[in-house]
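Chemist: Chains as they are written, first to last, in my numbering: chain E, 62 to 753; chain A, 62 to 753. The structure is given below, and queries will be raised subsequently.
2 protein chains.
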Amino acid sequence: MFDPHAIAVVGASNHHGKRGNHAVRQLLDDGYPHPVYPVHPREACVLGLPAYPTVSAIGAPVDLAFIATPARSLPAVLADCGAAGVAGAVAVAVGFAETGDEGARYQAEAVAAARDHGVRLLGPNTSGCFHLPARINLVGLPEVPTGPLGVISQSGNLLLSVIAAAHRLGGTGFSRYAGVGNEADLGFPELIDYLGDATDVGAVCGYAEGFRRGRETLAAITRTARRKPVVLLKGGQSDAGGRSARSHTGAVAGDATVATAALHAAGAEVVAREDELLPVSAALANWPAAGPRVAVLADGGGHATMTADAIAGTGRLRLAEPAEATRSRLRRLLGPAAAVHNPVDVAGATDTDPARFAEAAELLLADAEVDQVILVGLIGGYAQRFDPTLAAAEQRASQVLAERAVAGKPLLVCSVYPGERSPVLAPLAAAGVPVMSSVDVTVRCAAAIAARQQWLAAAAPQWPPLPSPAAPPDGLRPLTEPAVRELLAAAGVPIGPHRLARTPAEAAQAAGELAGPVALKVVSPDVVHKSDVGGVRLGVAPADAAVAYQELLAQVSRAVPTAALTGALLTPMVETPGVELLIGVAQDATFGPVLTVGAGGTLVELLRDVSVQPLPVTAPQARAMLDRLGVARLLRGYRGAPAADLSAVVALIVAVGEVVLAHPDVVELELNPVLAQPAGATILDARAFVVD
Amino acid sequence: MFDPHAIAVVGASNHHGKRGNHAVRQLLDDGYPHPVYPVHPREACVLGLPAYPTVSAIGAPVDLAFIATPARSLPAVLADCGAAGVAGAVAVAVGFAETGDEGARYQAEAVAAARDHGVRLLGPNTSGCFHLPARINLVGLPEVPTGPLGVISQSGNLLLSVIAAAHRLGGTGFSRYAGVGNEADLGFPELIDYLGDATDVGAVCGYAEGFRRGRETLAAITRTARRKPVVLLKGGQSDAGGRSARSHTGAVAGDATVATAALHAAGAEVVAREDELLPVSAALANWPAAGPRVAVLADGGGHATMTADAIAGTGRLRLAEPAEATRSRLRRLLGPAAAVHNPVDVAGATDTDPARFAEAAELLLADAEVDQVILVGLIGGYAQRFDPTLAAAEQRASQVLAERAVAGKPLLVCSVYPGERSPVLAPLAAAGVPVMSSVDVTVRCAAAIAARQQWLAAAAPQWPPLPSPAAPPDGLRPLTEPAVRELLAAAGVPIGPHRLARTPAEAAQAAGELAGPVALKVVSPDVVHKSDVGGVRLGVAPADAAVAYQELLAQVSRAVPTAALTGALLTPMVETPGVELLIGVAQDATFGPVLTVGAGGTLVELLRDVSVQPLPVTAPQARAMLDRLGVARLLRGYRGAPAADLSAVVALIVAVGEVVLAHPDVVELELNPVLAQPAGATILDARAFVVD
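Structure (structure tokens):
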């Protein structure tokens with residue numbers, strides 16, 4: 062379908078400005094080497110080619126049908142395509158599910174027709190597709206720069222944005238594109254795999270507002286990310302954004318934090334800004350993954366400082382510490398005024414000889430302490446800035462850098478005279494090295510390169526299909542805390558001593574067995590938030606346990622007269638201090654069960670210090686989730702406090718995930734707080750919801 | 062000095078590539094209408110002008126000397142300038158304080174010479190200055206686009222960056238520039254005032270790594286910001302950045318958070334990214350301050366969504382809710398496929414008639430519910446994208462938008478076909494409307510416009526000069542908590558009941574007077590962190606107070622055998638829960654006493670939830686500082702908890718600032734925690750440090 066040896070253009074037209082005219086013309090202009098068949102109900106000839114009334118009337122094999130006819134005609138056209146043996150169709154018409162119920166009906170009819178007749182469908186409401194090495198451009202855009210990027214987008218305008226950005230940047234371009242449109246048949250999972258399999262795609266660059274098949278998409282991203290970089294911009298991050306997303310594609314944008322975390326875990330580099338998507342994709346397409354130690358070579362202190370600031374701001378990169386030998390060589394090369402500690406500031410030493418800048422870059426690239434090098438300053442502009450006679454030397458320096466660039470260590474270039482403004486940088490562009498104009502975007506690219514190495518170094522995540530519990534929220538039944546503890550205990554989770562008492566006498570006996578002050582918590586299927594109704598007593602001596610039990614149940618009865626009271630749960634008071642955490646699983650409409658780890662206690666929503674990942678979560682992943690938390694500093698032992706037992710916490714996180722996966726009826730499960738202590742972790746409260 | 066009617070170029074040269082050659086040539090090329098006097102020890106003629114051996118040999122009035130001779134000659138040249146009655150000198154030579162002790166000596170000599178001879182000095186180590194409307198360009202850069210921006214920079218390369226950015230953006234440019242260099246004489250305060258006074262400067266755009274005279278700089282910013290926008294990028298935000306900043310100008314970068322907060326409080330718009338500096342400056346120069354309600358007009362759902370996301374991400378803007386009448390008119394104009402809720406997505410309605418886009422923009426601009434309008438999409442590219450015959454209609458639409466732009470309500474334009482790529486946008490550029498390429502940067506500009514309105518609406522802050530305590534940290538003496546409380550009480554701060562006990566009997570009596578369980582805290586000039594040494598007892602009944610006193614002092618004696626023990630402070634146990642805050646003042650090397658308000662308790666450093674501002678802090682400013690905190694939600698009453706008594710907290714904040722200002726010997730003062738309760742605020746602990 063995407064490498065067709067014959068294309069029918071349904072709705073081909075002699076009228077300039079129509080998509081069906083543009084598609085035929087572009088195929089002819091680009092020299093598409095296989096047959097192009099215009100299809101038009103009445104015209105005998107379109108743009109000089111013989112036209113056919115239907116696809117089946119062509120009478121020769123057709124691989125791909127580009128369909129530019131109105132929405133209502135689509136089911137019939139697809140049926141006709143199927144009769145003609147067409148493999149795939151691209152439907153650009155709008156007026157389907159994105160517009161409401163009537164459109165959704167047309168779309169359902171079209172999908173049924175495609176399925177019945179064995180035709181795969183891209184769209185409808187797609188901006189089209191292109192495959193430039195095969196001279197196929199069906200997006201209606203001329204002058205697309207060619208290069209290693211494969212693009213998937215839920216917005217045609219976003220494709221325009223990245224094409225414009227590639228023009229500005231120079232040194233990069235595109236090989237393939239697919240507009241997902243309404244994802245009626247082919248969607249993100251298939252299209253990501255398609256670009257993942259394409260050898261002419263060096264990196265996948267995508268824009269998504271929502272995913273219809275979240276877990277399949279994660280699996281496709283992970284498959285692809287093992288082989289090549291996947292860079293995604295997620296639209297609809299805000300509520301307002303989400304509203305627009307709905308009216309755009311009919312897809313419901315999932316919760317933004319979950320989506321970002323899920324895509325990141327799957328191996329995608331998720332960019333937060335529209336203006337980062339193309340540069341980060343280009344950098345990842347051009348360079349191998351590399352470490353976080355960055356050397357900065359600047360020809361001015363201001364640029365050196367701003368780059369160092371941006372590096373510190375990423376939290377993922379750090380300034381490399383070049384070897385003493387490198388610094389000595391830099392000193393000899395650049396003279397006494399230069400700063401040869403990283404960031405290196407040549408301080409005018411290259412003003413009269415730009416070649417020295419390339420030599421200095423080579424010294425840094427050769428240093429084993431350096432993972433990546435960022436050049437920042439006037440590169441490409443010495444002749445314009447100082448003396449026109451420097452142009453030849455600049456061109457040579459650019460050539461040297463381009464050759465080094467091929468050698469493999471990332472060399473990111475940021476200049477006041479970027480791509481289009483400096484002809485002497487042509488060798489760098491030819492080597493696929495974009496010359497960027499923003500310090501911040503350049504550093505963002507280096508961060509992506511380092512993040513990719515980190516992701517590749519970890520074991521690939523798995524995203525098995527999971528049955529969706531799909532119960533309405535009001536159809537959920539809470540489990541009592543003892544029941545939750547039993548569930549955990551049955552799965553081998555150490556939950557500590559506890560007793561369920563149903564009478565004052567049982568409470569007294571249980572407290573005696575627990576030997577020391579205890580906590581009493583009401584047990585009732587009707588009480589989820591126990592402390593809100595006075596359902597918790599702390600520090601009760603065994604001698605007082607019977608009375609405390611009676612008081613507790615009386616108090617809860619007064620607060621919730623309708624509550625059925627099972628009894629009370631008794632646990633020993635915790636003596637050892639620790640860090641309060643939350644560990645929980647909830648259902649996401651897009652990605653299924655998602656595990657959350659975070660700062661726990663009563664202020665969870667306020668702190669919003671959480672890591673999330675769709676299940677399953679492995680031990681190394683759980684460890685990484687903890688590392689990303691703000692409370693990670695507390696867990697490591699803050700201000701002289703002992704470090705928490707991270708392996709116990711990690712084991713608990715993994716076990717919580719496994720319990721939920723093993724019990725599809727458990728829709729939500731939350732331990733909060735969990736006390737992460739120097740030895741072990743204690744569950745202080747637990748709740749769960751099940752579907753009946 | 063900056064509007065000179067005669068310029069001497071000292072170190073003028075016939076050698077192409079030298080600064081002294083370039084300066085003379087540029088003045089001649091630009092048609093500077095007043096005399097230019099080359100000064101050279103031996104040459105009789107430079108670039109066709111008669112040359113003089115010294116400035117005093119010129120024998121005619123000279124207002125400005127541009128000095129391009131080496132470092133060692135500077136004192137003598139300045140003395141000669143003084144003898145000739147020169148008002149100001151610009152010294153571009155390097156090799157002064159930025160290079161070390163020897164350079165610092167040269168610089169001190171130069172400053173002394175300038176002062177002795179009545180010459181104001183810009184530099185040394187400055188990149189120069191320009192004043193384009195007067196045809197004076199002494200930075201050695203040709204082709205600077207002209208426009209309303211005045212630039213101050215501690216880095217010459219940053220000037221190159223903003224010039225390049227202005228070229229890319231179109232529609233903006235520069236009138237004046239001053240490179241601060243080593244700030245040996247003229248520095249940020251004078252140069253900000255200079256640009257503030259200049260009528261041809263519409264906005265001040267600056268880059269600073271450190272400030273020598275922080276409070277004077279704040280005062281100059283506030284003076285200027287009342288009249289025109291001030292936009293600053295602060296370099297040296299990271300430790301590594303700070304290291305480079307030191308080697309660059311010899312200035313020590315102050316603590317990053319304090320600097321950013323201080324500049325913001327003074328009225329500057331502080332940008333965090335290098336690539337935001339020029340666009341934000343251009344937007345603020347072009348548009349009046351306006352409110353936060355933004356209407357988005359997009360010609361594609363993807364761009365609409367991304368813009369809405371970026372707006373939500375600022376935290377300072379919100380999507381406007383256009384009036385029903387506006388939506389009806391948009392519906393009639395754009396047809397049924399368009400989304401007429403904000404963001405407005407024309408959804409193809411303008412593809413064949415770009416004029417409709419301008420009409421839709423006019424409808425939104427006319428709506429009283431809309432403070433700012435962002436256009437995003439293909440503006441300027443319809444002819445390129447769809448049909449070359451649309452160019453004329455696009456040009457007209459651009460003209461209409463340009464005319465509306467003059468009317469005053471901010472109209473920010475972001476296009477896939479920005480400034481340089483689209484000739485049809487020339488009318489917008491001519492009206493001073495930059496067409497940006499980044500959605501994120503465009504939204505950042507709107508946020509700056511809204512922030513300026515907010516700042517202008519508040520009373521102007523005052524930055525009186527303050528004597529610096531300037532004591533070394535090890536020369537500070539701690540005050541005991543009772544002494545701190547007396548200090549606060551003397552200033553009229555309600556500090557609640559408390560008693561100092563010096564014997565067990567006094568403790569018993571004090572506890573009886575306080576009538577209820579009390580807290581006992583050791584009082585010792587040698588113990589600052591009381592709980593770390595077991596110096597705190599909580600919930601002591603009056604009957605137990607004598608014994609608790611003895612145990613407390615014995616415990617502290619064991620922990621700190623050398624501590625002199627004064628006794629114990631008794632306070633009532635606090636019954637009413639509240640939100641823990643920190644209120645403190647510490648000295649900043651650049652800005653003097655800085656007040657900090659934040660989330661309090663033991664995890665202050667971990668949470669880093671703080672607002673800071675140099676003193677003085679007024680009540681409205683204190684209120685705004687609280688509003689910016691993460692714990693603001695808690696203070697407002699979170700999850701059913703009662704709201705805190707904000708006016709009590711505000712009064713306490715203001716009082717703490719006043720106490721420090723009234724007692725210059727009090728270098729640091731910290732109340733932590735302060736419990737912000739539903740009625741009032743209780744100081745739970747307090748400490749202070751004084752110089753003797």
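Note that CB positions come from ideal geometry on N, CA and C, so glycine has one too. Note that the coordinates shown come from a computational prediction; the quantities given were computed from them, not determined experimentally.
So if I threshold CB-CB distances at 7 Å, which residues from the stretch 261-288 of chain E count as touching chain A?
Modeler: Going along the stretch 261-288 of chain E in chain order, one finds Y268, E270 with a Cβ nearer than 7 Å to chain A.
Chemist: So for F127/E, helix, strand or coil by DSSP?
Modeler: Taking the first residue of the first sequence as position 1, residue 127/E is located at position 66. In the structure shown, F127/E falls within a strand segment according to DSSP collapsed to helix, strand and coil.
Chemist: Between P340/E and A511/E, how many whole angstroms is the CB-CB distance? I'm expecting something under 8 Å.
Modeler: The residue given as residue 340/E occupies position 279 in the first sequence. The residue given as residue 511/E occupies position 450 in the first sequence. Rounded to the nearest angstrom, the Cβ distance from P340/E to A511/E is 15 Å, too far for a contact under 8 Å.
Chemist: Near R334/E, which residues of its chain fall below 7 Å by C-beta distance, leaving aside the five closest residues on each side in sequence?
Modeler: Numbered from 1 along the first sequence, position 273 holds the residue referred to as residue 334/E. So no residue of the chain qualifies.
Chemist: Tell whether a beta-carbon distance below 8 Å holds between L757/E and T285/E.
Modeler: Outside the displayed span of chain E (62 to 753) sits residue 757/E, for which this structure offers no information.
Chemist: Using a Cβ-Cβ distance cut-off of 8 Å, determine whether M634/E contacts chain A.
Modeler: Within the first sequence, residue 634/E is the residue found at index 573, counting from 1. Not an interface residue.
Chemist: Relative to the C-alpha of A760/E, which candidate in S214/E, H192/E, A344/E, R229/E has its C-alpha closest?
Modeler: In the structure as shown, chain E starts at 62 and stops at 753, and residue 760/E therefore has no counterpart that could be examined.
Chemist: Using the beta-carbon of each residue, which ones in chain E are nearer than 9 Å to A225/A?
Modeler: Here residue 225/A refers to the residue found at position 164 of the second sequence. Result: G442, S476, V477, Y478, P479, R482, S498.
Chemist: Roughly how many angstroms separate the alpha carbons of T115/E and L656/E, rounded to a whole number?
Modeler: The sequence position of residue 115/E within the first sequence is 54, counting from 1. The sequence position of residue 656/E within the first sequence is 595, counting from 1. For the pair T115/E and L656/E, the Cα-to-Cα distance works out to about 52 Å.
Chemist: Return the CA-CA distance between P528/A and I440/E, expressed in angstroms with no decimal places.
Modeler: Residue 528/A sits at position 467 when you count from the first residue of the second sequence. Residue 440/E sits at position 379 when you count from the first residue of the first sequence. So the alpha carbons of these two residues sit roughly 46 Å apart.
Chemist: List the residues that DSSP assigns as beta-bridge partners of K582/A.
Modeler: Within the second sequence, the letter at position 521 stands for residue 582/A. Answer by DSSP bridge pairing, in chain order: V597/A, L630/A.
Chemist: In the DSSP assignment, what are the bridge partners of M497/E?
Modeler: Working through the first sequence from its first residue, we reach residue 497/E at position 436. Here M497/E is bridged, per DSSP, to C475/E.
Chemist: How is the beta strand (DSSP E) around I213/A delimited, first residue to last?
Modeler: Here the question's residue 213/A lines up with position 152 in the second sequence. Counting along the chain, the beta strand (DSSP E) containing I213/A begins and ends at 207-214.
Chemist: So which residues of chain A does R334/E contact, with C-beta pairs closer than 7 Å?
Modeler: To locate residue 334/E, count along the first sequence from 1; it is residue 273. Within chain A, the residues near R334/E are D501.
Chemist: Suppose contacts are defined by Cβ-Cβ distances below 8 Å. Is A112/A in contact with P94/A by that definition?
Modeler: Counting from one through the second sequence, the residue named residue 112/A turns up at place 51. Counting from one through the second sequence, the residue named residue 94/A turns up at place 33. Contact flag unset, no.
Chemist: Starting from D177/E, follow the beta strand (DSSP E) in both directions and report where the run begins and ends.
Modeler: Working through the first sequence from its first residue, we reach residue 177/E at position 116. In the DSSP assignment, D177/E falls outside any beta strand (DSSP E) and within the unbroken alpha helix (DSSP H) covering 162-177.
Chemist: For L762/E, decide whether its Cβ has a neighbour in chain A, counting only Cβ atoms nearer than 8 Å.
Modeler: Residue 762/E falls outside the range modelled here, since chain E spans only 62 to 753, and no answer is possible.
Chemist: So what's S483/A in DSSP terms, helix, strand or just coil?
Modeler: For the purposes of this step, residue 483/A is identified with residue 422 of the second sequence, where counting begins at 1. Reduced to three states, the DSSP call for S483/A is coil.
Chemist: Cα separation between S499/E and C475/E?
Modeler: Taking the first residue of the first sequence as 1, we reach residue 499/E at position 438. Taking the first residue of the first sequence as 1, we reach residue 475/E at position 414. Per the coordinates, the alpha-carbon of S499/E lies some 7 Å from the alpha-carbon of C475/E.
Chemist: Could you name the residues of the same chain whose beta carbon sits closer than 8 Å to that of H309/A, not counting the 5 residues immediately before and after it, in chain order?
Modeler: For the purposes of this step, residue 309/A is taken as residue 248 along the second sequence, with counting starting at 1. Low per-residue confidence applies at H309/A: pLDDT is 27, beneath 50, and the placement is therefore not dependable, though the value from the model is reported in the following sentence. Correct list, in chain order: E159, Q215, S216, E270.
Chemist: Would you say F157/E lies against chain A (beta-carbon separation less than 8 Å)?
Modeler: In the first sequence, the residue the question calls residue 157/E occupies position 96. So no, F157/E is outside the interface.
Chemist: Does any C-beta atom of chain E lie closer than 8 Å to the C-beta of S117/A?
Modeler: Residue mapping note: residue 117/A aligns to position 56 of the second sequence, counting from 1. Answer no: the Cβ-Cβ gap between S117/A and chain E never drops below 8 Å.
Chemist: Residues of the stretch 360-384 of chain E in Cβ contact with chain A at a cutoff of 9 Å, in chain order, please.
Modeler: Against chain A - using a Cβ distance shorter than 9 Å - the residues of the stretch 360-384 of chain E are D360, G361, G362, G363, H364, A365, T366, M367, T368, A369, D370, A371, I372, A373, G374, R379, L380.
Chemist: Below 8 Å, can you find three or more Cβ-Cβ pairs linking the stretch 643-661 of chain A to the stretch 603-614 of chain A?
Modeler: no
Chemist: So which residues on chain E does N75/A lean against when the C-beta distance must stay under 8 Å?
Modeler: Sequence index remark: in the second sequence, residue 75/A carries index 14 (1-based). Within 8 Å Cβ-Cβ: nothing; N75/A doesn't reach chain E, min ~15 Å.
Chemist: Give a yes or no on whether 8 Å exceeds the smallest Cβ distance from F447/E to chain A.
Modeler: Here residue 447/E refers to the residue found at position 386 when the first sequence is read from its first residue. F447/E counts as touching chain A.
Chemist: Using beta-carbon positions only, say whether P194/A and F235/A come within less than 8 Å of one another.
Modeler: As a position in the second sequence, residue 194/A is number 133, starting the count at 1. As a position in the second sequence, residue 235/A is number 174, starting the count at 1. Not a contact, by the Cβ cut-off of 8 Å.
Chemist: Below 8 Å between beta carbons: does that hold for V646/A and V721/A?
Modeler: Here residue 646/A corresponds to residue number 585 of the second sequence, with the count starting at 1. Here residue 721/A corresponds to residue number 660 of the second sequence, with the count starting at 1. Result yes, Cβ atoms of V646/A and V721/A sit closer than 8 Å.
Chemist: Buried or exposed, going by whether 16 or more other CB atoms sit within 10 Å of the CB of V70/E?
Modeler: On the first sequence, residue 70/E is found 9 positions in, with the first residue counted as 1. Under this definition V70/E is a buried residue.
Chemist: Consider the Cβ of P739/A: report whether some Cβ of chain E lies at a distance smaller than 8 Å.
Modeler: To locate residue 739/A, count along the second sequence from 1; it is residue 678. False, the Cβ-Cβ gap to chain E never drops below 8 Å.
Chemist: Spell out the partners DSSP gives T657/E in its beta bridges.
Modeler: Residue numbering aside, residue 657/E sits at position 596 when the first sequence is read from its first letter. For T657/E, which the question treats as bridged, DSSP gives the partners G645/E, V673/E.
Chemist: Can you name the residues of chain A whose CB is closer than 8 Å to the CB of L439/E?
Modeler: The count along the first sequence starts at 1 and reaches residue 439/E at position 378. Annotation: Cβ neighbours of L439/E in chain A (cutoff 8 Å, chain order): N218, L221.
Chemist: Mapping the DSSP letters down to three states, classify V70/E as helix, strand or coil.
Modeler: Counted from its first residue, the first sequence places residue 70/E at position 9. Reduced to three states, the DSSP call for V70/E is strand.
Chemist: Using the rule of at least 16 other Cβ atoms within 10 Å of the residue's Cβ for burial, across every protein chain shown, is E636/A buried or exposed?
Modeler: What you label residue 636/A is simply residue 575 of the second sequence in a count that begins at 1. Label assigned to E636/A: exposed.
Chemist: Around the C-beta of A173/E, are 16 or more other C-beta atoms found within 10 angstroms, so that it is buried, or is it exposed?
Modeler: Mapped onto the first sequence, residue 173/E falls at position 112. A173/E counts as exposed, since fewer than 16 other C-beta atoms from the protein chains shown sit within 10 angstroms of its C-beta.
Chemist: For the stretch 72-86 of chain A against the stretch 169-184 of chain A, do three or more pairs of beta-carbon atoms, one drawn from each stretch, fall closer than 8 Å, so that the two count as touching?
Modeler: no
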